[in-house]
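Engineer: The structure under discussion is supplied below as structure tokens; questions concerning it will follow.
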Amino acid sequence: MFVYAINISGLPQDDDAFNIMNAEYNTTKAEFEQAIAGRTKIIVADPSRDGEMFFERELKNLGQSFSALSRAGLFFTVLRKRYNGNYKLVADFTISLKVGRKAWREERLRVEAASESLESFLCKEASSEDMEVLRPLFPESINTYLQDDETGVSKGSEIMQTVFPSLKGSDCRRIFHEMQTLHEKRAAKWKSRFGCVWVSAYFIMAVLITYCIYEWLTGSFSWHGLLAAPSALILSIVPVVGSTLASIAAVKLWGWPIWLAFVTFFWYYIPAVYLVCQLIAASFRGEGKAAWNKLIGRKSDAYDDDD
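Heads up: the sequence shown runs through residues 152 to 458, numbered per my numbering.
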């Protein structure tokens, strides 16, 4: 599933280390000497060559060969290739065999967790925990593709194939589509919660605005309470109008500063203003329809799942 390499940092005590490298990884004498000199890394596992998607047996064999190399006197570190072509240190056999084996066991657990999460996405049984397992393996830009309904699947699957070179293109697209679906469900859940909070705040403010308008109508215009109460209630739930009248009432009746009245009775419009600005900005970019569909939760057409 991942590409692994070793970086040699010392001289072996005898030829046993090279014999193991030659037998296990087909390493030539020239490649071994270049690695000893620190000029190159030796690739010890490349699943794109054998097509294994989840190579548990390969990981076990690697661990056994690493132990044998360490016992043969070779000092080395194990590296995993990342999405950007750089290598990440995952096990260090230069200190001691025990330390190296412990680090490699931890790496095996990470790989097994990743393989189980990928299988869950393929079987459409993934959860948010599976997303969190896979997220550290990708660049931060993956979030942009998760939110992109138009080209996100194709671009995201390309990144996935650089992370997991043994995955087929169709599997990458299928997995990434399921990741998008899970991401949208989580976003919709938080959007729904935020909407409930905002509606609650709106009606709580409506109660306060009703009281302010009622006091203003009865105090400044001598309206009868039976007429002022329903009028204040109706005006309070009208967007902008109720807040404006409540601000005037607070300034006129209670002597509030204008800025304090404005902040008190208009603060809960900030999310709505933000969303409107987002839609306007998207319209200028030619993405207004997509932004609106995303806001209301309308799904785009399903992706094409061909090889």
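Don't be surprised by glycine CBs; every beta carbon is placed ideally from N, CA and C. The structure displayed is predicted, hence computed values, not measured ones.
Just how far apart, CA to CA, sit A174 and T332?
Structural biologist: For the purposes of this step, residue 174 is identified with residue 23 of the sequence shown, where counting begins at 1. For the purposes of this step, residue 332 is identified with residue 181 of the sequence shown, where counting begins at 1. C-alpha separation (whole angstroms): 45 Å.
Engineer: Are the region 378 to 391 and the region 347 to 367 touching by the rule of at least three beta carbon pairs closer than 8 Å?
Structural biologist: Yes, they touch.
Engineer: Restricting to Cα atoms, I'd like to know which of D243, I193, L396, Y238 is closest to S221.
Structural biologist: What you label residue 221 is simply residue 70 of the sequence shown in a count that begins at 1. For the residues D243, I193, L396, Y238, the minimum Cα distance to S221 belongs to D243.
Engineer: Answer yes if the region 177 to 184 comes into contact with the region 217 to 237, meaning at least three C-beta pairs across the two stretches below 8 Å, and no otherwise.
Structural biologist: In short, these stretches do not touch, since the Cβ pair count stays below three.
Engineer: Is it buried or exposed, C363, if we count other Cβ atoms within 10 angstroms and call 16 or more buried?
Structural biologist: Position 212 of the sequence shown, counting from 1, holds the residue named residue 363. Its Cβ being crowded by 16 or more others within 10 Å, C363 is buried.
Engineer: Indicate the three-state DSSP secondary structure (helix, strand or coil) for F416 in the structure shown.
Structural biologist: Indexing the sequence shown from 1 puts residue 416 at position 265. In the structure shown, F416 sits in a helix (DSSP, three-state: H, G or I).
Engineer: CA-CA distance, E309 and I293?
Structural biologist: Residue mapping note: residue 309 aligns to position 158 of the sequence shown, counting from 1. Residue mapping note: residue 293 aligns to position 142 of the sequence shown, counting from 1. Straight-line Cα distance between these residues: approximately 11 Å.
Engineer: Below 7 Å CB to CB, which residues in the same chain sit around T313 once its five sequence neighbours on both sides are set aside?
Structural biologist: Numbered from its first residue, the sequence shown carries residue 313 at position 162. Excluding sequence neighbours, T313 sits near Y234.
Engineer: Consult DSSP for I246 and reduce its assignment to one of helix, strand or coil.
Structural biologist: Position 95 of the sequence shown, counted from the start, is the residue given in the question as residue 246. Coil at I246, not helix or strand.
Engineer: Three-state secondary structure (DSSP) at T369?
Structural biologist: In the sequence shown, counting from the first residue as 1, residue 369 sits at position 218. T369 falls in the helix class under three-state DSSP.
Engineer: Based on DSSP bridge pairs, tell me the residues matched to N212.
Structural biologist: As a working mapping, residue 212 is identified with position 61 in the sequence shown. None; N212 has no bridge partner.
Engineer: For the beta strand (DSSP E) holding K232, just list the boundary residues, first then last.
Structural biologist: Position 81 of the sequence shown, counting from 1, holds the residue named residue 232. Element bounds for K232: 227 to 232.
Engineer: Return helix, strand or coil for A433, following the three-state DSSP convention.
Structural biologist: For the purposes of this step, residue 433 is taken as residue 282 along the sequence shown, with counting starting at 1. It is helical.
Engineer: Determine whether the beta carbon atoms of R256 and G214 lie at a separation below 9 Å.
Structural biologist: In the sequence shown, residue 256 corresponds to position 105, counting from 1. In the sequence shown, residue 214 corresponds to position 63, counting from 1. Yes, Cβ-Cβ distance for R256 and G214 is below 9 Å.
Engineer: Are the CB atoms of A254 and A168 nearer to each other than 9 Å?
Structural biologist: Here residue 254 refers to the residue found at position 103 of the sequence shown. Here residue 168 refers to the residue found at position 17 of the sequence shown. Result no, Cβ atoms of A254 and A168 do not sit closer than 9 Å.
Engineer: Going by Cα to Cα distance, which pick from F413, R252, I193 is closest to Y176?
Structural biologist: Translated into positions along the sequence shown, residue 176 becomes position 25. The residue with the shortest Cα to Cα distance from Y176 is I193.
Engineer: What residue from N237, A188, Y420 has the CA that sits closest to I159's CA?
Structural biologist: Here residue 159 refers to the residue found at position 8 of the sequence shown. Here the closest residue by C-alpha is A188.
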